[in-house]
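A.B. asks: If you scroll down you'll find the structure; I have some questions about it.
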Amino acid sequence: MPSEIWQYLDFLGVAVFAATGGLVAARLRQDFIAFLFFCLLTGIGGGTLRDLLLNVPVFWTVNETYLYVCFVVSIAMWFFAHKVEAWGRPLRWLDAIGIAAYSVMGAAKALSLGDNVAVAVLMGVASATFGGILRDVIAGQPSALLQREIYLAAAFAGAITYTATLMTTGDSNLAAGLGFAMALILRGGAIARDWYLPSYAPPETKNADKLD
Amino acid sequence: MPSEIWQYLDFLGVAVFAATGGLVAARLRQDFIAFLFFCLLTGIGGGTLRDLLLNVPVFWTVNETYLYVCFVVSIAMWFFAHKVEAWGRPLRWLDAIGIAAYSVMGAAKALSLGDNVAVAVLMGVASATFGGILRDVIAGQPSALLQREIYLAAAFAGAITYTATLMTTGDSNLAAGLGFAMALILRGGAIARDWYLPSYAPPETKNADKLD
Amino acid sequence: MPSEIWQYLDFLGVAVFAATGGLVAARLRQDFIAFLFFCLLTGIGGGTLRDLLLNVPVFWTVNETYLYVCFVVSIAMWFFAHKVEAWGRPLRWLDAIGIAAYSVMGAAKALSLGDNVAVAVLMGVASATFGGILRDVIAGQPSALLQREIYLAAAFAGAITYTATLMTTGDSNLAAGLGFAMALILRGGAIARDWYLPSYAPPETKNADKLD
Chain A
1 MPSEIWQYLD FLGVAVFAAT GGLVAARLRQ DFIAFLFFCL LTGIGGGTLR
51 DLLLNVPVFW TVNETYLYVC FVVSIAMWFF AHKVEAWGRP LRWLDAIGIA
101 AYSVMGAAKA LSLGDNVAVA VLMGVASATF GGILRDVIAG QPSALLQREI
151 YLAAAFAGAI TYTATLMTTG DSNLAAGLGF AMALILRGGA IARDWYLPSY
201 APPETKNADK LD
Chain B
1 MPSEIWQYLD FLGVAVFAAT GGLVAARLRQ DFIAFLFFCL LTGIGGGTLR
51 DLLLNVPVFW TVNETYLYVC FVVSIAMWFF AHKVEAWGRP LRWLDAIGIA
101 AYSVMGAAKA LSLGDNVAVA VLMGVASATF GGILRDVIAG QPSALLQREI
151 YLAAAFAGAI TYTATLMTTG DSNLAAGLGF AMALILRGGA IARDWYLPSY
201 APPETKNADK LD
Chain C
1 MPSEIWQYLD FLGVAVFAAT GGLVAARLRQ DFIAFLFFCL LTGIGGGTLR
51 DLLLNVPVFW TVNETYLYVC FVVSIAMWFF AHKVEAWGRP LRWLDAIGIA
101 AYSVMGAAKA LSLGDNVAVA VLMGVASATF GGILRDVIAG QPSALLQREI
151 YLAAAFAGAI TYTATLMTTG DSNLAAGLGF AMALILRGGA IARDWYLPSY
201 APPETKNADK LD
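Residue numbers (the UniProt record's numbering), protein chains in the order written: chain A, 1 to 212; chain B, 1 to 212; chain C, 1 to 212.
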């Protein structure tokens with residue numbers, strides 16, 4: 001595993017997810033402890049689920065630096081959330097970066113533990129989306145999960161791209177870069193240009209099926 | 001443990017729970033990725049909780065066939081959910097079969113690991129109901145959990161019947177069959193005939209208590 | 001670790017949290033199985049999360065006495081919930097005792113396993129609040145989590161007080177007593193006197209910032 005890229009992606013994913021948690025706490029006009037709670041929940045939630053499912057020690061019990069990252073982000077958001085909000089849709093873009101980073105990291109950790117590709121892809125998706133889902137459910141906000149936009153699909157695409165590239169080229173730096181880019185492009189397209197996938201349409205409305 | 005009955009019950013439980021996830025995705029008019037998500041969440045959610053609580057490797061990280069079962073079911077539901085819906089209350093009946101299968105499986109896995117009967121019964125209940133609870137919470141649907149019908153009680157009855165039969169007769173095939181039947185009959189009675197248990201009624205309305 | 005104080009705090013935390021679960025089931029006019037479910041969920045939920053995160057066997061799979069405690073409490077609440085309700089705000093006060101007990105226990109268990117202080121504090125908070133959060137989310141009740149009152153902060157204060165006292169004095173009895181008292185006083189102040197922390201106020205409304 002490319003330890004430097006991994007470590008940067010890992011801190012990046014935790015920090016940007018933590019920032020989205022702080023933005024939600026700010027929108028809800030919470031106290032500082034709630035800022036810290038949402039930063040921790042969103043920042044380390046996805047990676048925690050990944051490690052529980054992979055049956056390995058949870059990453060922040062091994063290296064508590066991740067907790068301090070969330071703590072620093074919660075202080076920063078307490079003072080600067082209003083400035084970040086002024087950027088325009090910061091929550092969704094930071095969330096997109098977190099999804100892209102974690103879709104690669106989740107898959108990479110599973111593969112490094114010897115799990116097969118199906119498990120690796122699922123770990124990428126679970127760790128990329130679980131923190132944000134927790135954040136939205138507990139904050140009572142509508143989750144991107146059930147909306148008509150590309151969200152889970154971006155995490156799937158990132159994890160599949162990483163895994164497939166690593167399997168075919170063996171170049172983990174290239175794989176991490178391509179996977180991250182793929183997820184970010186798809187999720188970014190959903191945010192900026194309303195990209196979406198076709199929805200389920202029961203065939204009652206099609207003539208061919210009506211005649212069955 | 002009767003490895004064949006176990007394996008059949010296991011795939012059966014995963015597949016029917018996955019199918020209920022696909023039905024919910026279809027009702028919500030979701031895209032295919034959401035079908036896959038709901039099939040996975042509901043299909044493997046209960047068994048995943050069971051394995052996390054029992055501190056053993058999660059079953060689908062050991063055997064990824066379960067993931068492919070969910071994938072196949074999600075494709076099938078994408079094309080045929082409307083036909084399954086035409087059967088009449090398919091979601092509740094498939095859910096009932098899943099509950100019956102998992103109430104036995106959860107208890108059996110705990111007992112096979114040397115856990116005591118109280119833990120085994122609880123594992124049966126947790127693994128039988130957690131996937132469906134997750135499905136309903138995330139889909140924003142009212143869960144059967146809090147409604148005036150037999151739901152948790154069927155899982156308890158199945159797990160207790162399995163455990164008690166195995167303890168007294170030592171015949172795990174008989175125990176699995178009786179436990180599965182007990183849970184399915186009780187849950188089926190709730191679906192078809194509105195069976196329910198008496199609710200809590202505070203005794204303010206009883207004369208004897210009023211005189212205290 | 002002071003094994004006796006620990007064990008008392010542990011049973012106390014499980015029993016009072018279980019009682020709050022029973023009170024919620026009674027308010028929802030549920031059947032007995034739902035009483036048992038809510039007692040178990042609230043009673044052992046926090047400690048279960050703690051043990052999963054710490055990667056140790058879940059406490060009630062090692063010692064099933066905790067399950068029987070919840071079972072006994074569920075029977076007691078089935079018969080006496082109306083009498084407990086007559087005390088006035090019993091749910092919130094019992095919840096406060098549970099939070100105080102678990103904020104110490106969660107931190108103590110993490111420290112006894114060799115985890116560092118940041119992890120220990122987080123374990124105190126997670127195990128003190130998770131059972132109650134689960135109870136409220138599943139019951140569809142507004143959680144204390146997002147309300148303008150001291151809730152998470154009490155758990156943080158209890159865990160930090162315990163950890164800091166133990167680190168400086170080495171006296172675990174003193175640490176447990178001080179931590180428990182600190183959390184109970186803060187949470188009690190929130191219940192009885194509406195104590196709260198300052199909320200996030202974006203500086204758009206401050207002159208100094210407006211001129212930036």
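No residue lacks a Cβ here, since even glycine has one placed at the ideal position from N, Cα and C.
Predicted model only: the values in this text are computed from it and were never measured.
Alpha carbons only, please: which of B:VAL62, B:LEU166 and B:GLU85 is nearest the one belonging to B:ALA110?
C.D. replies: The candidate whose alpha carbon is nearest that of B:ALA110 is B:LEU166.
A.B. asks: Which bits of chain B does A:PRO202 rub up against, with CB to CB less than 9 Å?
C.D. replies: Ordered by position in chain B, the residues that pass the 9 Å Cβ test against A:PRO202 are ALA26, ARG29, ALA81, HIS82 and GLU85.
A.B. asks: Does the beta carbon of A:ASP51 sit closer than 7 Å to a beta carbon anywhere in chain B?
C.D. replies: Taking Cβ atoms only, chain B never reaches closer than 7 Å to A:ASP51, which makes this a no.
A.B. asks: Please give me, in chain order, every unbroken run of the alpha helix (DSSP H) with length at least 4 that falls completely inside the region 82-139 of chain C.
C.D. replies: You should have 90-112 and 117-139.
A.B. asks: Taking C:GLY21 as the reference, which of C:TRP87, C:ALA144, C:ALA154 and C:LEU94 has the closest Cα?
C.D. replies: Comparing Cα-Cα distances from C:GLY21 to each of C:TRP87, C:ALA144, C:ALA154 and C:LEU94, the minimum goes to C:LEU94.
A.B. asks: Would you grab the beta carbon distance between B:ALA154 and B:ALA120 for me? Rounded to a whole angstrom, and I think it's under 8 Å.
C.D. replies: Incorrect: roughly 17 Å between the Cβ atoms, too far for contact.
A.B. asks: Going by CA-CA distance only, name the one from A:ARG187, A:PHE180 and A:SER127 that's closest to A:PHE59.
C.D. replies: Checked all of A:ARG187, A:PHE180 and A:SER127; the closest Cα to A:PHE59 is A:SER127.
A.B. asks: Step through the CB atoms of chain A and report whether any lies within less than 7 Å of the CB of C:ASP115.
C.D. replies: Yes, contact with chain A.
A.B. asks: Sorted by chain position, which residues of the same chain lie with C-beta nearer than 6 Å to C:ALA175's C-beta, five sequence neighbours on each side aside?
C.D. replies: Only TYR162, THR165 and LEU166 meet the Cβ criterion.
A.B. asks: Quick one: list the residues of chain A neighbouring B:LEU34, beta-carbon separation under 8 Å, in chain order.
C.D. replies: Per the sequence presented here, residue 34 of chain B reads as Ala, with Leu not at that position. Ordered by position in chain A, the residues that pass the 8 Å Cβ test against B:ALA34 are LEU145, LEU146 and LEU152.
A.B. asks: Rounded to whole angstroms, how far is the Cβ of B:LEU36 from the Cβ of B:SER74, which I believe are closer than 8 Å?
C.D. replies: Between B:SER74 and B:LEU36 the Cβ distance is about 4 Å, and since that is below 8 Å, they are a contact.
A.B. asks: Which residue wins for smallest C-alpha separation from C:PHE156, given the options C:ALA190, C:SER143, C:VAL104 and C:ILE33?
C.D. replies: Comparing Cα positions, the closest option is C:VAL104.
A.B. asks: According to the Cβ coordinates, are C:ARG29 and B:TYR200 closer than 7 Å?
C.D. replies: Yes; because the gap between Cβ atoms is below 7 Å, this pair is in contact.
A.B. asks: Could you check the C-alpha separation between C:LEU122 and A:LEU91 for me, to the nearest Å?
C.D. replies: Each residue's alpha carbon lies about 25 Å from the other.
A.B. asks: Is A:ASP194 helix, strand or coil by DSSP?
C.D. replies: Coil.
A.B. asks: Please list, in chain order, the chain A residues whose beta carbon lies closer than 7 Å to that of B:VAL58.
C.D. replies: In chain order: LEU53 and ASN55.
A.B. asks: Please report the distance separating the alpha-carbon of A:ILE160 from that of A:ALA118.
C.D. replies: Each residue's alpha carbon lies about 9 Å from the other.
A.B. asks: Against chain B, does C:PHE37 count as a neighbour if the rule is that its beta carbon must be under 7 Å from one of theirs?
C.D. replies: Yes, C:PHE37 lies at the interface with chain B (some Cβ there is under 7 Å from its Cβ).
A.B. asks: Cα separation between C:ALA190 and C:ILE99?
C.D. replies: Roughly 13 Å between the two C-alpha positions.
A.B. asks: What does the alpha-carbon distance come out to for the pair B:TRP6 and B:GLY124?
C.D. replies: Straight-line Cα distance between these residues: approximately 13 Å.
A.B. asks: Let me check one thing: in DSSP terms, what residues is A:SER143 bridge-paired to?
C.D. replies: For A:SER143, which the question treats as bridged, DSSP gives no partner whatsoever.
A.B. asks: Does any C-beta atom of chain C lie closer than 7 Å to the C-beta of B:VAL119?
C.D. replies: Closer than 7 Å to some Cβ of chain C, the Cβ of B:VAL119 qualifies, so yes.
A.B. asks: Alpha carbon to alpha carbon, how far is A:GLY13 from A:ASP136?
C.D. replies: Cα-Cα distance, rounded: 17 Å.
A.B. asks: Contact defined as beta carbons within less than 8 Å: I believe C:LEU55 pairs with A:PRO57. What is the distance between those atoms, to the nearest angstrom?
C.D. replies: A small fix is needed here, since residue 55 of chain C is Asn in this sequence, not Leu. Correct: roughly 5 Å between the Cβ atoms.
A.B. asks: Quick one: which chain B residues come within Cβ less than 8 Å of C:GLU64?
C.D. replies: ASN116, ALA118 and VAL119, listed in chain order.
A.B. asks: Could you name the residues that DSSP lists as bridge partners for B:ASP31?
C.D. replies: Answer is A:SER199, bridged to B:ASP31.
A.B. asks: I'd like the span of the alpha helix (DSSP H) that includes C:ILE150, first residue to last.
C.D. replies: No alpha helix (DSSP H) holds C:ILE150; DSSP gives it neither H nor E.
A.B. asks: I want to see whether chain B comes within less than 7 Å of A:SER199, judged by CB atoms only; does it?
C.D. replies: At least one chain B Cβ lies under 7 Å of A:SER199.
A.B. asks: Under the rule that 16 or more other beta-carbon atoms within 10 Å means buried, what is B:GLU4, buried or exposed?
C.D. replies: By the neighbour-count rule (16 or more Cβ atoms within 10 Å), B:GLU4 is not buried but exposed.
A.B. asks: Identify each residue in the region 164-175 of chain A for which the Cβ-Cβ distance to at least one residue of chain B is less than 9 Å, and report them in chain order.
C.D. replies: The region 164-175 of chain A vs chain B, Cβ under 9 Å: nothing.
A.B. asks: Rounded to the nearest angstrom, what separates C:VAL84 and C:ALA139 at their Cα positions?
C.D. replies: The straight-line gap from Cα to Cα measures roughly 19 Å.
A.B. asks: When DSSP labels each residue in this structure, what does C:GLU4 get in the three-state scheme?
C.D. replies: In this structure, C:GLU4 counts as helix in the three-state DSSP scheme.
A.B. asks: Quick check: A:LEU67 and A:PHE130, are their CB atoms within less than 7 Å of each other?
C.D. replies: No, Cβ-Cβ distance for A:LEU67 and A:PHE130 is not below 7 Å.
A.B. asks: Give the range of the alpha helix (DSSP H) segment to which B:VAL62 is assigned.
C.D. replies: Taken as a continuous stretch (DSSP letters only), the alpha helix (DSSP H) holding B:VAL62 covers 59-62.
A.B. asks: So, is C:ARG187 buried or exposed, given that buried needs 16 or more other C-beta atoms within 10 angstroms?
C.D. replies: When all chains shown are included, C:ARG187 counts as buried.
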